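For the sequence shown, our numbering assigns the number 62 to the initial residue and increments by one for each residue that follows.
Note that the Cβ used here is the ideal one computed from N, Cα and C, for glycine as well.
Note that the structure is predicted; figures quoted are calculated from it, not measured.
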Amino acid sequence: MKNTKNSCRINHIKRILFMIFTVLFLLAMSASAISCNSNKSANGNNSQTGDNSASGEAQSDTAATTEQYVYPQLDGGGADFTFLSPTTTWFYYTDIVRDTMDGEVLDDAIYNRNSFIEDKFNINIKSEDMDIGKIYTQLKKVILAGDDVYDASFCPAFSSGNIGSLITQNMFYNLRDIASLNLGENWWNQTMDKEAAVGAGNKLYYAGCDIDIATLQSVSLVYINQTMMTNLGLELPYNMVRQGKWTYDAMNQYQKAGANMNGDVSWKWTLNGTAIYGLAGYEDCAMALLAGADVRYINTDANGVPQLAVQDERFINALTKVQQMLQLQDGSYLYANSDPATGNHYEPIFKSGRALMATGELKAADVFRDMPDTFGILPIPKYDETQQNYYCHDIFACPLLVIPATNPDPETTGAILDAMAYVSNRDVTPVLFDISVSQKQLRNDDSIDMLQIIRNSGSFEVGCAYGWVNTLYDAIGSNVGQGKSFDIASQIDKNVPKMQANIDKTMELFQ
């Protein structure tokens, strides 16, 4: 017989426990809802990038543990946000705006990024595209007229003039005065920003980022023909790069190993010839290699004052070594830009397998994607193994972000640009990386590793941005870059007085 009293007591206890568990469950659900809602902004959008990407795809658990970007609470009222953006005839990808999705992954990444930022801030992103050679004139015209036509602009470093001529006329904001720009974060080019700082307080009037991916595409690097290297029994240099051993000497050894007259009677280039060259490049090859040695024409002292560095021992030694690497006599180097119409250009020469390596910008990867052999990408070599970091060089056309002085609300502009730079780095740059080194439906993961090094080290010569050193800079390109003789010491001595006078004149304007 059952004990009715004990049974009732047990049933009573069970009901109490059930009620307790129910209350705990409801409390847990409420806490979860509060936690989720706390991450949302007033308009219901998630305020942290760890939860949403520009393409609307959920982030992985791993991504959720990374640093979170908190978007500012900003309502642009549906206004246009307009860029002035340069276009080129050199096959760069210069689109900042895509009106529709078209199935091309890079186009769609740009479209998704803009849609995300537009929805986040209630703005419409626009771009006025203009030939790169006309950007300076257009910016100067509208700024002098007091027009706030452009919220921001991408301005070439030194094409048909130099960006410094506008800076010294007070046409751009000092970006360090704009608190909404997180310039110390990795979605801004730290190497470029360090090089660009000038004057008291390290004023910064332009910045590098991936909003206009032509900025990244303008970085110089070394292309290698992996198929040829393997056939020659050469080690692919990726691990050399990782170990810090990819140096001038190492690259020069590959140059010599790749040179093969292959039945031709001389090293002179002919379209129907058979000679194979160690390295193909154009004028900029000399400047790219020199920058790789971590030497600059200009260094800046602790007070932000530019100092000429061209007479430093390291600069002269590095330039001497570059000159030795770019000799034409033994086929280890071919100057390949004298007559592109006849095929004498580094891109078709490398693509056809007539050069083991080539120097060129990242944009050339689009040309090589369907080449018969497998190609790879390396950073510009270091001077020697004692050098700590790799440095890669951006060419004169590198687009730089500026905010015109006529912009009436630089803080709002800064907030939008910072978020746009972040999302570009997160959602657009990886797409560019992937398609730049994908070939025959294969993805070259080694080259993607190399691209991270290259991207983080990209900068250009600030002395050219202000027009201080352009005469010497151009002389090195047109002589050393073409494999011609060049009296380094006398040419430097000849140019020093003029370069110093240029610096002094500019710095007077910063006082």
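Closest Cα partner of residue i within the set the options
i, options, result
"Ser241", "Met481, Thr567, Arg487, Thr473", "Thr473"
"Glu27", "Ala354, Gly365, Pro367", "Outside the shown range of the chain (62 to 572) lies residue 27, about which nothing can therefore be said."
"Ala218", "Leu297, Val463, Ala318", "Val463"
"Ile337", "Ala363, Met348, Ser393, Arg357", "Ser393"
"Thr335", "Gly225, Asn292, Met322", "Met322"
"Asn286", "Pro367, Leu439, Val166, Tyr266", "Leu439"
"Gln304", "Ser551, Val557, Asn450, Ala536", "Asn450"
"Ser551", "Asp163, Val371, Asn231", "Val371"
"Asn313", "Glu165, Ser413, Val383, Leu227", "Val383"
"Trp330", "Thr403, Asp548, Ile537", "Thr403"
"Tyr452", "Val283, Gln561, Met560", "Val283"
"Asp254", "Ile441, Gly544, Asp506, Thr361", "Thr361"
"Glu522", "Trp151, Gly225, Ser176", "Gly225"
"Leu297", "Asn505, Asp554, Gln513, Met348", "Asn505"
Own chain, CB closer than 8 angstroms to residue i, minus 5 neighbours either side, in chain order
i, result
"Val84", "With a pLDDT of only 38 at Val84, under the threshold of 50, the placement of this residue in the model should not be trusted, and no figure is reported."
"Lys605", "Because the chain spans 62 through 572 in this model, residue 605 falls outside it and cannot be assessed."
"Gln500", "Phe429, Arg430, Asp431, Met432, Thr435, Phe436"
"Asp445", "Thr308, Tyr309, Asp310"
"Ile178", "Ala115, Ile184, Ile186, Ile477, Ala480, Met481, Val484"
"Asn486", "Asn247, Trp248, Cys270, Asp271"
"Glu408", "Ala419, Gly421, Ala425, Val428, Phe429"
"Asn231", "Ala466"
"Glu569", "none"
"Pro133", "Ser241, Ala476, Ala480"
"Thr229", "Tyr527, Thr567, Leu570, Phe571"
"Leu332", "Thr403, Gly404, Asn405"
"Ser546", "Asn540"
"Gln561", "Leu369"
Residue span of the beta strand (DSSP E) that contains residue i, given as start and end
i, result
"Asn286", "281–286"
"Tyr338", "338–342"
"Asp455", "Asp455 -> no beta strand (DSSP E), and no H or E assigned at all."
"Gly319", "Element bounds for Gly319: not the beta strand (DSSP E) but the alpha helix (DSSP H), 309–319."
"Thr148", "140–148"
"Val463", "460–463"
"Gly437", "436–439"
Integer-rounded CB distance, given that residue j should sit under 8 angstroms from residue i
i, j, result
"Met511", "Tyr299", "7 angstroms"
"Met567", "Tyr527", "Per the sequence presented here, residue 567 reads as Thr, with Met not at that position. Rounded, the Cβ-Cβ distance is 6 angstroms, consistent with contact."
"Val498", "Ala426", "7 angstroms"
"Val492", "Ala170", "4 angstroms"
"Ser281", "Glu422", "6 angstroms"
"Leu277", "Ile496", "Their Cβ separation, rounded to whole angstroms, is 12 angstroms, which puts Leu277 and Ile496 out of contact at 8 angstroms."
"Arg237", "Leu205", "So it is not a contact: roughly 24 angstroms between Cβ atoms."
"Ile549", "Leu380", "6 angstroms"
"Ile27", "Val302", "This structure leaves residue 27 out entirely; the chain is present only between 62 and 572."
Close-in-space but distant-in-sequence residues of the same chain around residue i (CB under 6 angstroms, 5 per side omitted)
i, result
"Thr252", "Ser518, Ser520"
"Val210", "Val203"
"Leu145", "Glu189, Tyr211, Ser214"
"Ile410", "Ala341, Ala397, Ala416"
"Gly524", "Tyr358, Ile359, Val530"
"Thr288", "Asp434, Thr435"
"Thr532", "Asn556"
"Thr490", "Asp271"
"Pro442", "Trp307, Thr308, Tyr309, Met312, Gly353"
Contacts around residue i, its chain only, beta-carbon distance under 7 angstroms, and the 5 residues preceding and following it disregarded
i, result
"Ala275", "Tyr153, Tyr154, Thr155, Pro460"
"Gly260", "Gly365, Phe571"
"Asn243", "Asp479"
"Ile193", "Pro147, Thr148, Thr149, Pro217, Ser220, Ala458"
"Val326", "none"
"Cys346", "Leu387, Thr420, Gly542"
"Leu135", "Phe182, Thr473, Ala476"
"Leu295", "Tyr315, Ala318"
"Leu581", "Outside the shown range of the chain, which is 62 to 572, sits residue 581, and nothing can be said about it."
"Asn235", "Lys264, Leu265, Tyr266"
"Glu344", "Asn398, Gly538, Ser539, Gly542, Gln543"
"Ala257", "Leu265, Tyr267, Val523"
Host alpha helix (DSSP H) of residue i (start-end)
i, result
"Ile509", "506–517"
"Ser551", "549–570"
"Thr420", "Not the alpha helix (DSSP H): Thr420 falls in the beta strand (DSSP E), residues 416–422."
"Thr532", "531–540"
"Cys346", "345–353"
"Glu472", "471–484"
"Met301", "299–303"
"Ile496", "490–497"
"Pro409", "407–412"
"Leu277", "275–278"
Next on the checklist: If we require 4 or more residues per run, which alpha helix (DSSP H) segments fall completely within the segment 190–260?
Outcome noted: List check, alpha helix (DSSP H) in window: 196–205, 225–228, 251–257.
Checklist entry - Whole beta strand (DSSP E) runs in the segment 359–400 with 3 or more residues, listed along the chain? => result Taken in chain order, the complete beta strand (DSSP E) segments of 3 or more residues contained in the segment 359–400 are 359–361, 367–369.
Checklist entry - What runs of the alpha helix (DSSP H), each 4 residues or longer, lie entirely inside the segment 155–186? => result Runs of alpha helix (DSSP H) with 4 or more residues, each lying fully within the segment 155–186, are found at 166–182, listed in chain order.
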